[in-house]
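Peer 1: Sharing a structure below in structure tokens format, with a few things to ask.
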């Protein structure tokens, strides 16, 4: 894998509790410098990121972040606003409580409602459903829950399933019928391995810049 190939699969995530404009600007500059797939920002920073990138890279926006407890209608409204402001990708948090409560019929209906609305309004928007808790308890679900939710996301018509566990496990559940995004990277080796195992995207924050500088030797020459 070349450095260019690796970077083209990174969503450079700027999702802090407080995101100053100077920080968002730096992340956007790094996206262009390294050739990352997108900058990933909170909804209130999408328009600003779009003004900086001007179509030169993607803009991923989190929806229902961080726990997915909003109704489907609220997530749709949030997603459509992000698209209007320049988002190319929506990283939508599944209702994590519904997963834990095993309310699978309700969750399937929510996925269908969201995908239908987004596809109708903006067919080219990339939809990623998140199936883990980025903060707090329950960062990952048990294997039975993961299998069920993987089937639901695959059937939903979304483009990606986004997770933090072993990519081989998720691929065994989805049968390779949906693209995979690995997130919550703990170190460079984990990130690199995720791509080698078939992930199409990885999400990481500013640690990625340091990791790339420290691990240039692992990449093939272009």
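Numbering (the numbering used here), first residue to last: 7 to 228.
In this text, a Cβ means the ideal position worked out from N, Cα and C, and glycines have one as well.
1) What residue range does the beta strand (DSSP E) around residue 166 cover?
2) Considering only the alpha carbon of each residue, which of 41, 9, 12 and 47 lies closest to residue 211?
3) Cα separation between residue 86 and residue 61?
4) Check whether the segment 90-101 and the segment 39-54 touch, using three or more Cβ-Cβ pairs below 8 Å as the test.
5) Look up residue 188 in the DSSP assignment and say whether it is helix, strand or coil.
6) Please report the straight-line C-alpha distance between residue 20 and residue 116, rounded to a whole angstrom.
7) Suppose you measure from the CA of residue 222 to the CA of residue 205; what does that come to, to the nearest Å?
8) Looking only at DSSP bridge pairs, what is residue 20 linked to?
9) When DSSP labels each residue in this structure, what does residue 211 get in the three-state scheme?
10) Relative to the C-alpha of residue 28, which candidate in 13, 15, 9 and 54 has its C-alpha closest?
11) Please state whether DSSP places residue 109 in a helix, a strand or coil.
12) Just checking my contact of residue 229 with residue 30 at CB under 8 Å: how many whole Å lie between their CB atoms?
13) According to the Cβ coordinates, are residue 179 and residue 197 closer than 8 Å?
14) From 8, 135 and 66, pick the residue whose C-alpha is nearest to that of residue 163; which is it?
15) Who does residue 57 pair with in a DSSP beta bridge?
16) Let me know if residue 189 comes out buried or exposed under the rule of 16 or more other beta-carbons within 10 Å of its beta-carbon.
17) Does residue 28 come out as helix, strand or coil in the three-state DSSP assignment?
18) Whose CA, out of 154, 89 and 184, lies closest to the CA of residue 112?
Peer 2: Inspection of the coordinates gives the following:
1) Position 160 of the chain shown, counted from the first residue, corresponds to residue 166. Run containing residue 166: 166-169, per the beta strand (DSSP E) assignment.
2) Position 205 of the chain shown holds residue 211. Nearest of 41, 9, 12 and 47 to residue 211, Cα basis: 47.
3) Within the chain shown, residue 86 is the residue found at index 80, counting from 1. Within the chain shown, residue 61 is the residue found at index 55, counting from 1. About 18 Å.
4) yes
5) Here residue 188 refers to the residue found at position 182 when the chain shown is read from its first residue. Here residue 188 sits in strand by DSSP.
6) Position 14 of the chain shown, counting from 1, holds the residue named residue 20. Position 110 of the chain shown, counting from 1, holds the residue named residue 116. Their backbone Cα atoms lie some 27 Å apart in a straight line.
7) Numbered from its first residue, the chain shown carries residue 222 at position 216. Numbered from its first residue, the chain shown carries residue 205 at position 199. Each residue's Cα considered, the two are about 20 Å apart.
8) Counting from 1 along the chain shown, the entry for residue 20 is found at position 14. DSSP lists 47 as partners of residue 20.
9) Translated into positions along the chain shown, residue 211 becomes position 205. The answer is coil: DSSP assigns residue 211 none of H, G, I, E or B.
10) For the purposes of this step, residue 28 is taken as the residue at position 22 of the chain shown. It is 54.
11) Start at 1 with the first residue of the chain shown, and residue 109 comes out as number 103. Residue 109 falls in the coil class under three-state DSSP.
12) Past the boundaries of the shown model lies residue 229; the chain is included only from 7 to 228, so the question cannot be answered.
13) The residue you call residue 179 lines up with position 173 of the chain shown. The residue you call residue 197 lines up with position 191 of the chain shown. Not closer than 8 Å, so no.
14) Counted from its first residue, the chain shown places residue 163 at position 157. It is 135 whose Cα lies nearest to the Cα of residue 163.
15) Here residue 57 is taken as the residue at index 51 of the chain shown, counted from 1. Per DSSP, none; premise fails for residue 57.
16) Position 183 of the chain shown, counted from the first residue, corresponds to residue 189. Classification of residue 189: buried, given that the 10 Å Cβ count is 16 or more.
17) To locate residue 28, count along the chain shown from 1; it is residue 22. Residue 28 falls in the helix class under three-state DSSP.
18) Against the chain shown, residue 112 aligns to sequence position 106. Closest option to residue 112, Cα to Cα, is 154.
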